[in-house]
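4 protein chains.
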Amino acid sequence: MTPAEAQSTSERILDAAEALFAERGFAGTSVRDIAGRVGLNQASIYNHFSSKQALYEAVLDRGLRPLAEILGAAAHDAFSRQASDRAGELIAEQLWRTPNLPKLLQREVLDNGEYLERLIRNWLRPIYEKGLVAIESGSRPDLWDEHERVLLLFAFYHLVFGHFTSAALIRSLGGLDLSSADVHGTYIAFLRKVSHRLLGIDAPPEQKKERAR
Amino acid sequence: MTPAEAQSTSERILDAAEALFAERGFAGTSVRDIAGRVGLNQASIYNHFSSKQALYEAVLDRGLRPLAEILGAAAHDAFSRQASDRAGELIAEQLWRTPNLPKLLQREVLDNGEYLERLIRNWLRPIYEKGLVAIESGSRPDLWDEHERVLLLFAFYHLVFGHFTSAALIRSLGGLDLSSADVHGTYIAFLRKVSHRLLGIDAPPEQKKERAR
Amino acid sequence: MTPAEAQSTSERILDAAEALFAERGFAGTSVRDIAGRVGLNQASIYNHFSSKQALYEAVLDRGLRPLAEILGAAAHDAFSRQASDRAGELIAEQLWRTPNLPKLLQREVLDNGEYLERLIRNWLRPIYEKGLVAIESGSRPDLWDEHERVLLLFAFYHLVFGHFTSAALIRSLGGLDLSSADVHGTYIAFLRKVSHRLLGIDAPPEQKKERAR
Amino acid sequence: MTPAEAQSTSERILDAAEALFAERGFAGTSVRDIAGRVGLNQASIYNHFSSKQALYEAVLDRGLRPLAEILGAAAHDAFSRQASDRAGELIAEQLWRTPNLPKLLQREVLDNGEYLERLIRNWLRPIYEKGLVAIESGSRPDLWDEHERVLLLFAFYHLVFGHFTSAALIRSLGGLDLSSADVHGTYIAFLRKVSHRLLGIDAPPEQKKERAR
DNA sequence: GATGAATGAGGATTCATTCAT
DNA sequence: AATGAATGAATCCTCATTCAT
Numbered sequence: 387m388t389p390a391e392a393q394s395t396s397e398r399i400l401d402a403a404e405a406l407f408a409e410r411g412f413a414g415t416s417v418r419d420i421a422g423r424v425g426l427n428q429a430s431i432y433n434h435f436s437s438k439q440a441l442y443e444a445v446l447d448r449g450l451r452p453l454a455e456i457l458g459a460a461a462h463d464a465f466s467r468q469a470s471d472r473a474g475e476l477i478a479e480q481l482w483r484t485p486n487l488p489k490l491l492q493r494e495v496l497d498n499g500e501y502l503e504r505l506i507r508n509w510l511r512p513i514y515e516k517g518l519v520a521i522e523s524g525s526r527p528d529l530w531d532e533h534e535r536v537l538l539l540f541a542f543y544h545l546v547f548g549h550f551t552s553a554a555l556i557r558s559l560g561g562l563d564l565s566s567a568d569v570h571g572t573y574i575a576f577l578r579k580v581s582h583r584l585l586g587i588d589a590p591p592e593q594k595k596e597r598a599r
Numbered sequence: 387m388t389p390a391e392a393q394s395t396s397e398r399i400l401d402a403a404e405a406l407f408a409e410r411g412f413a414g415t416s417v418r419d420i421a422g423r424v425g426l427n428q429a430s431i432y433n434h435f436s437s438k439q440a441l442y443e444a445v446l447d448r449g450l451r452p453l454a455e456i457l458g459a460a461a462h463d464a465f466s467r468q469a470s471d472r473a474g475e476l477i478a479e480q481l482w483r484t485p486n487l488p489k490l491l492q493r494e495v496l497d498n499g500e501y502l503e504r505l506i507r508n509w510l511r512p513i514y515e516k517g518l519v520a521i522e523s524g525s526r527p528d529l530w531d532e533h534e535r536v537l538l539l540f541a542f543y544h545l546v547f548g549h550f551t552s553a554a555l556i557r558s559l560g561g562l563d564l565s566s567a568d569v570h571g572t573y574i575a576f577l578r579k580v581s582h583r584l585l586g587i588d589a590p591p592e593q594k595k596e597r598a599r
Numbered sequence: 387m388t389p390a391e392a393q394s395t396s397e398r399i400l401d402a403a404e405a406l407f408a409e410r411g412f413a414g415t416s417v418r419d420i421a422g423r424v425g426l427n428q429a430s431i432y433n434h435f436s437s438k439q440a441l442y443e444a445v446l447d448r449g450l451r452p453l454a455e456i457l458g459a460a461a462h463d464a465f466s467r468q469a470s471d472r473a474g475e476l477i478a479e480q481l482w483r484t485p486n487l488p489k490l491l492q493r494e495v496l497d498n499g500e501y502l503e504r505l506i507r508n509w510l511r512p513i514y515e516k517g518l519v520a521i522e523s524g525s526r527p528d529l530w531d532e533h534e535r536v537l538l539l540f541a542f543y544h545l546v547f548g549h550f551t552s553a554a555l556i557r558s559l560g561g562l563d564l565s566s567a568d569v570h571g572t573y574i575a576f577l578r579k580v581s582h583r584l585l586g587i588d589a590p591p592e593q594k595k596e597r598a599r
Numbered sequence: 387m388t389p390a391e392a393q394s395t396s397e398r399i400l401d402a403a404e405a406l407f408a409e410r411g412f413a414g415t416s417v418r419d420i421a422g423r424v425g426l427n428q429a430s431i432y433n434h435f436s437s438k439q440a441l442y443e444a445v446l447d448r449g450l451r452p453l454a455e456i457l458g459a460a461a462h463d464a465f466s467r468q469a470s471d472r473a474g475e476l477i478a479e480q481l482w483r484t485p486n487l488p489k490l491l492q493r494e495v496l497d498n499g500e501y502l503e504r505l506i507r508n509w510l511r512p513i514y515e516k517g518l519v520a521i522e523s524g525s526r527p528d529l530w531d532e533h534e535r536v537l538l539l540f541a542f543y544h545l546v547f548g549h550f551t552s553a554a555l556i557r558s559l560g561g562l563d564l565s566s567a568d569v570h571g572t573y574i575a576f577l578r579k580v581s582h583r584l585l586g587i588d589a590p591p592e593q594k595k596e597r598a599r
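Right under this line is the structure:
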């Protein structure tokens, strides 16, 4: 993979658009800005994408694909505790590698855009169902009632997506650079610990993990 | 106080602007839209606010004031477990009553706008410092090391702000209407339970709460 | 004459408007600017003048009055060489004391505004006719033919009005501060010398004047 | 070269802008007016010039170029009386052919705009210095002292620029149409006569000219 | 006489998009 | 596939003016 010139123009446009949409949102990004960042004329964008909206959706589609695959695989066999842990970690890894993605998603949720509905229908809904089952079967039985399990699932979502979404805040306030591998490692461990405590499987697995390392 | 007509024009503008900025973001909201929603000519907005940016900041200032007061009070005496619990609940209550606020804040964090810096300097920084101390003194001593306590503080932030920020997603996926008092009650209880588990003070308070109901 | 407060509001408005119209022209001056300079609300201007245009004309009327009187008097008895000299000096004196005036007039000429026509009809035309006669009777008979006398009259106009109108250029390029009394004195003497040369009455009067001083 | 259609759009915009800026000034001219006169959409202007200000400066730059060349050449060898005469004539010729130019310049002087400073630095200053030398070496030695020579140089400037700038006044009052070649010829002759009288080299050249006609 | 508020029209400029080249 | 030029609609904001207080 040679860096920039080797990419197709379409992909270079997608890269620029992804960065700008994540940084400034759909409304805050102009086609001119995107073209400018690629070193292209405004009009050229339309040789590759039929409209700004279409480009935006292509950005989301491309960005979500790897995440969707992970989620799909997780939904497939997320019934053991290890599988659950692994799924969470894989998601966090993926978001860490593609830091624009959580921002794009969070913006889409805030905007309550049309794309969100499609997103939910195609990808989020199945994950959600599997996630509920996973929590039900993976948590200490007496700990959470049915309503709370729904909230717990969303809590996990906020824990992971909020983390990557608030990078600016976390750097400013906490002095942590989320893009550093070190900080990321700490976060991954923290995440596992938190999820075990919330699922009520705290003590033993923790110790095992500590030893395993 | 009759609902709409009794308010000053400036406040009606602030109301409309708050709703629109929360819903569509700064870039996605036009001054014309705001004026239209108040039933005013575009130009009239400028009799009350010197620019769109100034209006935006006035919206945030006004919206943040009650929250800032709660946070300020919390920072003042958040050293007992009860005080901590209470602070979290008050914040959640406040965000529930002003559902635009968390969205505005989250957008500001995503946009990494200039206002964010001021916000951090004036309000968030002191809260953050107090929060760290509160976690240190209020959690089971062996549970979280120094680095993790920072992450834990942000986790609480994500748990609360993410919740209100993702209302659209939670309704679509979880079928929960966050504006309902019932759902809100469940969430408040859930939040306390989660925070106790994360702070390692699970068993006894939980049982008390269970009985109390 | 107490400085500012003793003036009527109308006159303070006229002062501010005169300065701004001279500096930026009619189109470049806003009612808000004028009101601001007087320390008044925009709307208050309309308690004193019915429109921006009316205010502009009031400025010109007020500013032109003293000049018109001088010109009127000059037109009355400008048939001796001394009277001619004196008229030119009086005009130059007046323009020097009211430096906004030549600028306003020059702008009006450039804009070719409606006011100009009225101006010509009421004041400039009679002066022009008298001026032609004065030149005819005051210049060396063989020097200028009929056509040239017209051009000569305008040349005098340019010599005087252009001088005060180009203050900015003269300061920048020539390093002369036209508002200084010294520079003004030099100019007055220069003007007389020039006019004598152009009227063909150079040698003897010059010598006489030199002695007279 | 067919008159209008053969020109590039940019030049047609420059033409329209030049006419309007000269006629109404910068503040009094709207981009819409300019576009309208070219038969273009407002927005199209911005495909050719980055802002109204940039267009204005392009107008001045283009308009001043021929004049600057004449002035530059004049400054090069304006030391004989003939060269001096010729320079003045060339300038007057040029202003006559581009009647918008003197108006634009006079407006710029009145507005005391930023462009004026650049203009002075680049073009006017060198001409001014050469002009002073030309007057010193070309005038009767005992006639003007150092201070007066400065005023005399500006007087020439007023005589020429004021003439073309006041076309409206001259037509109204004097009944002369400055755009007529006849009137222009008279003016050129008049100008030479005036400059000879002011430089104190009256008698002989005058007689020659009188005969020549 | 002063003013805060309202407004329709217009200010410069940017927008996404189209089209001929 | 790229682009210069064109455009209608929209952007934020200012304009002169009005009116009730």
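Keeping their order, the protein sequence lines are chains A, B, C and D.
With the first sequence counted from 1, adding 386 to any position gets you my numbering.
With the second sequence counted from 1, adding 386 to any position gets you my numbering.
With the third sequence counted from 1, adding 386 to any position gets you my numbering.
With the fourth sequence counted from 1, adding 386 to any position gets you my numbering.
A virtual CB, placed ideally from N, CA and C, is assigned to each residue, including glycine.
1) Can you tell me the Cα-Cα spacing of A/L585 and A/H533, whole angstroms?
2) Please list, in chain order, the chain A residues whose beta carbon lies closer than 7 Å to that of B/L406.
3) Could you spell out the range, first to last residue, of the alpha helix (DSSP H) harbouring A/T572?
4) Report the start-end ranges of each alpha helix (DSSP H) in the segment 390–473 of chain C that is 4 residues or longer and not cut off at the edges.
5) By alpha-carbon positions, which one of D/K579, D/R511, D/A554, D/A553 ends up nearest to C/G561?
6) With a threshold of 6 Å on Cβ separation, who are the neighbours of A/R467 within its own chain once the five nearest residues in sequence on each side are excluded?
7) What are the complete alpha helix (DSSP H) segments, minimum 4 residues, inside the segment 459–538 of chain B?
8) List the residues of chain D whose Cβ lies closer than 8 Å to the Cβ of C/I556, in chain order.
9) Alpha carbon to alpha carbon, how far is A/L426 from A/D419? Give it in angstroms, no decimals.
10) Could one say the Cβ of A/V345 lies closer than 8 Å to chain B's Cβ atoms, at least one of them?
11) Would the segment 445–452 of chain D count as touching the segment 399–409 of chain D if we require 3 or more Cβ pairs under 8 Å?
12) Could you name the residues of chain D that C/N498 contacts, counting a contact when the two beta carbons are closer than 7 Å?
13) Is A/F542 near A/P485, with beta carbons less than 8 Å apart?
14) Using the C-alpha atoms, what's the distance from D/S396 back to C/Y514?
15) How would you list, in chain order, the residues of chain A whose beta-carbon sits under 7 Å from the beta-carbon of B/Y514?
16) What separation, rounded to the nearest whole angstrom, lies between the Cα atoms of C/P590 and C/A459?
17) If we cut at 8 Å on Cβ distances, does B/G602 have a partner in chain A?
18) Report the residue from C/R423, C/G499, C/E479 whose alpha carbon sits nearest the alpha carbon of C/L566.
19) By a C-beta neighbour count over all protein chains shown, 10 Å radius and 16 as the cutoff for buried, is A/R483 buried or exposed?
20) If you count every other CB in all the chains shown that lies within 10 Å of the CB of B/V519, and 16 or more means buried, which is it?
21) Along chain B, in chain order, which residues have C-beta atoms closer than 7 Å to that of A/E479?
22) Is it true that the CB of B/V417 sits closer than 8 Å to the CB of B/I399?
23) Within this structure, are the beta carbons of B/G548 and B/L490 separated by less than 8 Å?
24) Nearest-angstrom Cα distance between A/R583 and B/D528?
25) Can you look up B/S558 in the DSSP assignment and give me helix, strand or coil?
26) With C/L545 and D/I506 assumed to form a contact (beta carbons below 8 Å), what rounded beta-carbon distance in angstroms separates them?
27) Can you tell me the Cβ-Cβ gap for C/A413 and D/G411, rounded? I've got them flagged as a contact below 8 Å.
28) Rank A/E522, A/L564, A/I574, A/S552 by C-alpha distance to the C-alpha of A/I587 and give the top, closest one.
29) Considering Cα atoms alone, identify which of D/S437, D/R578, D/R472 is closest to C/L538.
30) Please confirm whether B/Q492 has its beta-carbon closer than 8 Å to some beta-carbon of chain A.
31) Quick check on the burial criterion: 16 or more other C-beta atoms within 10 angstroms. Buried or exposed for B/G571?
32) With a threshold of 16 other CB atoms inside 10 Å of the CB of B/D568, please say whether the residue is buried or exposed.
33) Examine chain B for any beta-carbon lying closer than 8 Å to the beta-carbon of A/L562, and answer yes or no.
This is what the structure holds:
1) 15 Å
2) The contacting residues do not exist; B/L406 stays about 12 Å from chain A at best.
3) Counting along the chain, the unbroken alpha helix (DSSP H) around A/T572 starts and ends at 567–585.
4) 395–410, 417–424, 428–431, 438–462
5) D/R511
6) Once the five neighbours on either side are set aside, the close Cβ partners of A/R467 are G524.
7) 467–483, 486–497, 500–505, 511–524
8) F540, listed in chain order.
9) Looking at the two C-alpha atoms, the distance is approximately 10 Å.
10) Not covered by the structure: residue 345 of chain A. The range shown for chain A is 387 to 599.
11) With a cut-off of 8 Å, the segment 399–409 of chain D and the segment 445–452 of chain D count as touching, because enough Cβ pairs lie within range.
12) Contact note: C/N498 reaches chain D through A554, using a C-beta cutoff of 7 Å and chain order.
13) no
14) 43 Å
15) L559
16) Residue confidence for C/P590 is low, a pLDDT of 48 falling below 50, so the modelled location carries little weight; the figure read from the coordinates is stated next. Near 27 Å, if we compare the C-alpha coordinates of C/A459 and C/P590.
17) The requested residue 602 of chain B does not occur in the structure, where chain B is confined to residues 387 to 599.
18) In the sequence under discussion, the amino acid at residue 566 of chain C is Ser, which differs from the Leu named in the question. The shortest Cα separation from C/S566 among C/R423, C/G499, C/E479 belongs to C/E479.
19) Exposed is the call here.
20) exposed
21) Per Cβ cutoff of 7 Å: no residues; A/E479 is ~17 Å from chain B at best.
22) no
23) no
24) 14 Å
25) helix
26) Not confirmed; about 22 Å, so no contact.
27) 6 Å
28) A/E522
29) D/R578
30) yes
31) exposed
32) So B/D568 counts as exposed.
33) Yes, A/L562 lies at the interface with chain B (some Cβ there is under 8 Å from its Cβ).
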